[in-house]
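Peer 1:
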Amino acid sequence: MSDVSLTSPTTDPAGLLVYFVGTRFALFWLALKTGFLTVITLGFYRFWMKTRMRRWFWSAIRPGGHPMEYVGDPWEKLLGFFIAVVILTFYIGIINLLVMFVSFSIFSSASVGYLASVVGVIPLWFYAQYRARRYVLARTRWRGVRFGLEKGAWGYAWRALVHWAVTLLTVGLLWPRMTFWLEKYVTDRTYFGSARLNQGGHWAMLYRAAIPFILSLLVLVGGAIWVFWLDPIVVSADMTTDDIIRSVEEMMDGGAAALPVVGVERLGIFLIGILGLLYGAIHYRFVSKRLMANHKTADGITLHSRLSGPRVASIYVLGSVIAYFFLVLGVVGLVIFAMLTLGPSAMLGGAMGDFGAAVDLPKSIAVLLIAVFYLSIFLLWNVLYSTFVTFPLMRHIAQTLSLPQRHGLQVISQRARDEFAEAEGFAEALDLGAAI
Amino acid sequence: MSTGFNGFGAAYFDGDRPIGKEVSLHIANNNLQIGFDNGTTLFWPLEDIRTLEDNADKQSFTLRLITDPLARLLVTDQMLLGYLPNATRRSPPKGRGKLALWAAGAVAAVALQVTVLVPLLADRLAVFIPPDGERALGEATFEQIRDALGDTGLAPLAICENPAGTKALAQITAALNAGDGAPEGLSVAVLDHDMINAFALPGGFVVIFKGLIDHAETPDEVAVVLAHEIGHVVSRDPTRHALRSAGSIGILGLLFGDFAGGAAVLFLTERLISATYSQQAETNADAFGYARLEAANVSPAALGTMFERLRDEHGEGNELLGHFLSHPSLSDRIENARSAADETRNYAPILDDAGWKALQSICD
Ligand SMILES: [Zn+2]
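Top to bottom, those sequences are chains D and R. Numbered per full-length UniProt numbering, the first sequence spans residues 1 to 436. Numbered per full-length UniProt numbering, the second sequence spans residues 1 to 364.
So, in structure tokens, the structure goes:
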């Protein structure tokens, strides 16, 4: 694909299109192959698996017909993981111990301790998130030119904490403000070669993306007022929700309701409301990304996204259902396989976590088998999710994206390599790394 | 001799600017000749050319030169691949030394933490936990163990509470837990599980599994184990151990990664049950146990009898043996138990026959 169009500056509305090549089957095969290797290496191959999956996805996304490239190195990821483990074991081990001590000494209970140790990890979580993003961008190239993200992980972490606090204090009303400012913090520090990105727009524009969510909330609140107050479903005066649920269950079983109820089918409004909320959450997450993408610019470069909320939601719903269906099939297959090879008693004993005398196998082997079994199910899910959710999602996001203005590309030059000792080790160690 | 290739759709990126250049492609003299519109030509030695791996597109592929980390050549003519001898050869990984260093560091850090730092800190802190806190810690771990060993996801493991059996158990406990320094609020419970084991928890909990009572041939054999566990309670060994586990579980979660949840909890529970204390702690618990048995006029030799039978029937993989095996070797301990018994003395069983029958049916 030659780039004749590039040499003549253009603001053609279609602009530079983003293509997506690659087939679902090829991805499935790659995910299965690398997933299998991950299982038989007890998880160690996951750094290679992740690298290879990213390479595949990146090379499938082709702005202007030219592939993105992922140059991350699995050894570098392994090293990063070790570094993070060294640093985190001290933090987590000692902090956990102190927190539990305080929790039992002062509060005489474990729950305070658990809560505190979870809360203690939250800042690290944001820190790791930013570092992971920086690593991935630093290892992403297009047309031979590197992306990059400036340093600023702690700045991101404390901003995220403040925004979350504000969002919680305003019962979610200022959520779009948080979404916008955190994304702006990252975008404004993102580079493509020598060009710095800029996040324009205003946070209030994101309320548009929240409309389905807000409508669903209104449906739920309105429904509650209608069914319980304006035109009560239960005739009796002092009813609790438990009573109502019980009557509904009894009616579903075909029996007569224990309570005098009127128009119980109106409860269906809650089902609609809750499904609406789920849809609204997905819609917000992706449409807010679209709205912000449309306000991202660099000198002489603009982005345009035509991403569709309903389409993304249907990918999630359909993809998850299909993936779940195959997962169940796969688990049944695994169990049968294990029963045939190991004998049923070992399998059952292992799954129950029973290390007692009932298990004939040596304990270490039983533990190993359980580990492999858990790992297999987890990875099977990963493979299916990549195939049926991540793949169509990435394809949709790529194909709806374009660069209407791109004469700015002419003046961009390469940026220096961002050496990154710990890679995304923190994210990996803190379990943030599940996503591509 | 020169071979030409289809340059349609091919593009060269110089690694500086994101501008694709149209190229003509030829191979001559073991070089790939990349010709540009302005008449200049780049020469890439064929053996130094690699393709990018895990390419999603079947119609095109990207080439790189090992001596230039940045320049890229996007090619659509599949014929070209056949001329590249080392297209898929891996580049030698860099920084293995650093990797090995950090890997060793990671292992050392975890080992240091689990074996030295956490135990040290836990031992220091355990002294400062007030009784209420210890009790709460014990209750929490007790419930955790009952849940883990119960029918998965259903009911927690049952506590055996047959009245006559409970009375017999109380009788043993009272006999052993008398005199100076007897811990207050000691609670001994029997759990309905076949495991031949017993263990102590923080806050004065001692748990005996039904399997142990079934395995014992005399009430004294239950008493010796109980006396030993009371020894652990008195020196607060379980509290230290629970604190250590609290410190270690985070590290385990870190290492186990995504499927941590279930596995780490199982592992932790398993560790609590088969708690291995330090050699000093075991020796002290033994000594304490013998003293209490003497005071209750029960022969410590029952411990030796029981262990020998256990070893004969189950081998050394048994949990109870695992606990008692810890540091002083098992045969040493059997020997010690025998020698702790005063041969000239006239010992009496801790329970009469009726009491022993009652204890044996505590789970009915
Ligand atoms: Zn002991």
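Here a beta-carbon is modelled for each residue, glycine too, at the ideal position from N, C-alpha and C.
Less than 9 Å separating the beta-carbons of D/T302 and D/P404?
Peer 2: It is a contact, given that the beta carbons lie within the stated cut-off.
Peer 1: Run the proximity test for R/G179: is its beta-carbon closer than 8 Å to any non-hydrogen atom belonging to ligand 2?
Peer 2: Questions concerning ligand 2 fall outside what the structure shown contains, since the ligands it does hold are ligand 1.
Peer 1: Please list the partners that D/L78 has in chain R, where partner means a Cβ-to-Cβ separation under 7 Å.
Peer 2: Near D/L78 (Cβ distances below 7 Å), the residues of chain R are L99.
Peer 1: So is R/N55 buried or exposed if we call it buried at 16+ other beta carbons inside 10 Å?
Peer 2: R/N55 is buried by the Cβ-count criterion.
Peer 1: By DSSP, does R/D77 sit in helix, in strand, or in coil?
Peer 2: Reduced to three states, the DSSP call for R/D77 is coil.
Peer 1: With a cut-off of 8 Å on the beta carbons, I'd call R/E161 and R/A200 a contact; round off their distance for me.
Peer 2: The Cβ separation is near 20 Å, so there is no contact.
Peer 1: Just checking R/H228 against ligand 1 - is the residue's beta carbon closer than 8 Å to any of the ligand's heavy atoms?
Peer 2: Result yes, Cβ under 8 Å from ligand 1.
Peer 1: Tell me which same chain residues have a C-beta within less than 6 Å of the C-beta of D/Y45, skipping the five on either side of it?
Peer 2: Closer than 6 Å at the Cβ level, and outside the excluded window around D/Y45, lie L37 and T38.
Peer 1: To the nearest angstrom, how far is it from the Cα of R/V298 to the Cα of R/D220?
Peer 2: Near 7 Å, if we compare the C-alpha coordinates of R/D220 and R/V298.
Peer 1: Which residue comes first and which comes last in the beta strand (DSSP E) that contains R/A200?
Peer 2: Note, R/A200: beta strand (DSSP E), A198 to L201.
Peer 1: Name, going along the chain, the residues of the stretch 211-242 of chain R whose beta-carbon falls closer than 8 Å to a beta-carbon of chain D.
Peer 2: Listed in sequence order: G211.
Peer 1: Just tell me which of D/E76, D/W381, D/G273 and D/L97 has its CA closest to the CA of R/G97.
Peer 2: Selected option, being the one with the closest Cα: D/E76.
Peer 1: Residue 444 of chain D and D/L215 look like a contact to me (Cβ under 8 Å); what is the Cβ gap, rounded to whole Å?
Peer 2: Past the edges of chain D, shown from 1 to 436, lies residue 444 of chain D, and the structure says nothing about it.
Peer 1: Within the stretch 263-333 of chain D, note down every full beta strand (DSSP E) run reaching 3 residues or more, in order along the chain.
Peer 2: For the stretch 263-333 of chain D, whole beta strand (DSSP E) runs of length 3 or above, ordered along the chain, are 296-298.
Peer 1: Any heavy atom of ligand 1 closer than 8 Å to the beta-carbon of R/E221?
Peer 2: No.
Peer 1: Of all the residues that make up the stretch 43-71 of chain D, which are near chain R by a beta-carbon distance shorter than 9 Å?
Peer 2: Those residues of the stretch 43-71 of chain D that come within reach of chain R (Cβ to Cβ, closer than 9 Å) are G43, R46, T51, R52, M53, R54, R55, W56, F57, W58, S59, A60, I61, R62, G64, G65, H66, P67, E69, Y70 and V71.
Peer 1: Which bits of chain R does D/F82 rub up against, with CB to CB less than 8 Å?
Peer 2: What D/F82 touches in chain R: L99, W102, A103, G105 and A106.
Peer 1: What residues in the stretch 314-337 of chain D have a beta carbon less than 9 Å from any beta carbon of chain R?
Peer 2: Within the stretch 314-337 of chain D, no residue has a Cβ that lies closer than 9 Å to any Cβ of chain R.
Peer 1: For D/A209 and D/V287, what's the separation of their Cα atoms in angstroms?
Peer 2: For D/A209 and D/V287, the distance between alpha carbons rounds to 5 Å.
Peer 1: Classify D/E424 as helix, strand or coil using the three-state DSSP reduction.
Peer 2: Coil at D/E424, not helix or strand.
Peer 1: Give a yes or no on whether 9 Å exceeds the smallest Cβ distance from D/Q405 to chain R.
Peer 2: No, D/Q405 lies away from the interface with chain R (no Cβ there is under 9 Å from its Cβ).
Peer 1: CB-CB under 7 Å to D/L71, same chain, minus the five flanking residues each way: which ones, in chain order?
Peer 2: The sequence given here has Val at residue 71 of chain D, not Leu. Answer for D/V71: R139 and R141, listed in chain order.
Peer 1: Look at D/G15 and D/S386 and say whether their C-beta atoms are less than 9 Å apart.
Peer 2: Going by C-beta atoms, D/G15 is not nearer than 9 Å to D/S386.
Peer 1: Using a beta-carbon distance below 9 Å, is R/Q279 in contact with chain D?
Peer 2: Cβ-Cβ to chain D under 9 Å: no for R/Q279.
Peer 1: Taking all protein chains shown into account, do 16 or more other C-beta atoms lie within 10 angstroms of the C-beta of D/G333, making it buried, or fewer, making it exposed?
Peer 2: Classification of D/G333: exposed, given that the 10 Å Cβ count is below 16.
Peer 1: At 7 Å on the CB atoms, spell out the chain D contacts of R/D16, in chain order.
Peer 2: Here the neighbours are S413 and Q414.
Peer 1: For the beta strand (DSSP E) that D/T51 lies in, which residues bound it at each end?
Peer 2: First-last for D/T51: R46 to A60, but that is the alpha helix (DSSP H), not the beta strand (DSSP E).
Peer 1: Check whether the Cβ of D/H283 lies closer than 8 Å to any heavy atom of ligand 1, and answer yes or no.
Peer 2: Outside the cutoff, so no.
Peer 1: Between R/R72 and D/G64, how many whole angstroms is the CB-CB distance? I'm expecting something under 8 Å.
Peer 2: Rounded, the Cβ-Cβ distance is 14 Å, inconsistent with contact.
Peer 1: R/V116: which of D/G93, D/F126 and D/I122 sits nearest, CA to CA?
Peer 2: When only C-alpha atoms are compared, the closest one is D/G93.
Peer 1: To the nearest angstrom, how far is the alpha carbon of D/I322 from that of D/Y207?
Peer 2: For D/I322 and D/Y207, the distance between alpha carbons rounds to 32 Å.
Peer 1: For R/P119 and R/D132, what's the separation of their Cα atoms in angstroms?
Peer 2: Looking at the two C-alpha atoms, the distance is approximately 22 Å.
Peer 1: Report the three-state DSSP secondary structure of D/N198 (helix, strand or coil).
Peer 2: Three-state result, D/N198: strand.
Peer 1: Residues of chain D with CB under 9 Å from R/F36, in chain order?
Peer 2: Result: empty, since nearest Cβ-Cβ is about 12 Å, beyond 9 Å.
Peer 1: Work out the CA separation of D/A128 and R/L359 for me, nearest whole Å.
Peer 2: When rounded, the distance between both Cα atoms is 56 Å.
Peer 1: For D/W175, is the classification buried or exposed, using 16 other Cβ atoms within 10 angstroms of its Cβ as the cut-off for buried?
Peer 2: Flag for D/W175 reads buried.
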